[in-house]
Amino acid sequence: MIEPSLAMLTDEQRRFLEHWVIFPSLVYLPKEVLAVYLELNADKVDDLVRDFERFSLLDRVFEDGHQYTYRLHGLLLDALRIKLSTTKQEELHGKFFDTYERRFGRKSWSQLAKIKGHRHFWVYAPWHLLRAERLNQVLQIFLDLQFLQARLVSIGSSSVIVDFREFRHVFIQKNRLQEW
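Once you know that position 84 of the sequence shown is 84 in UniProt numbering, the rest is easy, because the numbers rise by one and skip nothing.
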């Protein structure tokens, strides 16, 4: 049912949609997150977002009085997820973390925490790594004091504590509970 519409899209537009499958259905994303993840400049992301708004495939919300955030409609997201293999989805989850790490580097985590528009990264980085089956990296970020400090600045202590509990099973699975 959705295939004829997808066939009318350009390769770039299809790539944009394909990369979106890794995000939770109800989460709105600022263009800054999309620009880093897709390795595009903000103007190009604006162009793509406008195209999808015009097609009524994106929902846009003005958030916190200072920026627009976007999400794909749930039906489209579900159809894209069904179409994309689990292996490809795992690869894209890993790419999300990798592009941030490449762009900002481990030594710049504290600077990234101060830049508005990247909250999704701080909230969901462990989740994306888990979905990418990168359990060792999940452990690594939970034990990296610079990363933890930046997360605390960006999302607060309550969220970080909840994540320690939520990802405890990774420490158990990797037989590293004593470090938890």
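Quick reminder that beta carbons are idealized off the backbone N, C-alpha and C, glycines included. Computed from a predicted structure; not experimentally measured.
Practice problem: Classify Leu26 as helix, strand or coil using the three-state DSSP reduction. | Solution: Coil.
Quiz item: If you follow the beta strand (DSSP E) that Glu91 is part of, which residue opens it and which one closes it?
Solution: From DSSP, Glu91 is part of no beta strand (DSSP E) but of the alpha helix (DSSP H) over Thr86 to Phe104.
Exercise. Measure the C-alpha to C-alpha separation of Arg54 and Lys116 and round it to an integer number of angstroms.
Key: Each residue's CA atom was taken as its position, placing Arg54 and Lys116 some 27 Å apart.
Practice problem: Tell me whether Tyr64 sits in a helix, a strand or coil according to DSSP, three-state version. | Solution: Note that residue 64 corresponds to Asp in the displayed sequence, not to Tyr. Assigned with DSSP and collapsed to three states, Asp64 falls in coil, not helix or strand.
Practice problem: Ignore the nearest five residues each way along the sequence and tell me which others in Arg71's own chain have a CB closer than 6 Å to its CB. | Solution: Closer than 6 Å at Cβ, skipping near neighbours: Tyr28 and Asp59.
Quiz item: What did DSSP end up calling Leu135 once you bin it into helix, strand or coil?
Solution: Note: Leu135 maps to helix in three-state DSSP.
Quiz item: Hey, out of Leu40, Leu84, Ile172 and Leu148, whose CA is closest to Val123's CA?
Solution: The residue among Leu40, Leu84, Ile172 and Leu148 with its C-alpha nearest the C-alpha of Val123 is Leu148.
Exercise. Using three-state DSSP, classify Asp144 as helix, strand or coil.
Key: In this structure, DSSP gives Asp144 a state outside helix and strand, which the three-state scheme calls coil.
Quiz item: What residues in its chain sit with their C-beta under 6 Å from that of Leu130, if we drop five residues either side in the sequence?
Solution: Shown here for Leu130: same chain residues with a beta carbon closer than 6 Å to its own, the five before and five after excluded, namely Val138 in chain order.
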